[in-house]
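Note sheet for the following structure.
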Amino acid sequence: MAQAKQADLVTLSEMAEAGSIKPEIDRYYPLEETADALRYMETNRVRGKLVIKINNAGS
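Heads up: the sequence shown begins at 1 in UniProt numbering, then just goes up one per residue.
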């Protein structure tokens with residue numbers, strides 16, 4: 001199993017902050033559809049990250 005090195009994590013963090021790397025987003029789901037997102041994840045067809053959107057309107 002690969003082990004992350006501190007220097008590698010620092011480099012990745014710097015690249016993310018600079019916008020050099022971005023996560024691949026597969027789908028967005030509203031909070032109310034979290035169960036659907038989990039079911040989709042279980043299909044093993046996900047090709048990126050699933051994002052659960054939380055609406056903070058009125059906060």
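Glycine included, each C-beta is placed from N, C-alpha and C at the ideal position.
Rounded C-alpha distance that separates residue i from residue j
| i | j | result |
| --- | --- | --- |
| Ser13 | Val51 | 20 Å |
| Ile21 | Gln3 | 21 Å |
| Ala7 | Gly48 | 25 Å |
| residue 62 | Asp26 | No information on residue 62 is available, as it lies outside the stretch 1 to 59 that the chain covers here. |
Integer Cβ distance of residue i from residue j, believed to fall under 8 Å
| i | j | result |
| --- | --- | --- |
| Tyr28 | Lys5 | Not really, about 33 Å apart at Cβ, beyond 8 Å. |
Helix, strand or coil at residue i according to DSSP, with G and I counted as helix
| i | result |
| --- | --- |
| Arg39 | helix |
| Val51 | strand |
Residues that residue i bridges to, as DSSP identifies them
| i | result |
| --- | --- |
| Lys22 | Paired residue(s): none; Lys22 is not in a bridge. |
Quiz item: At a cut of 8 Å, does the stretch 34 to 43 reach the stretch 3 to 22 through at least three beta carbon pairs?
Solution: no
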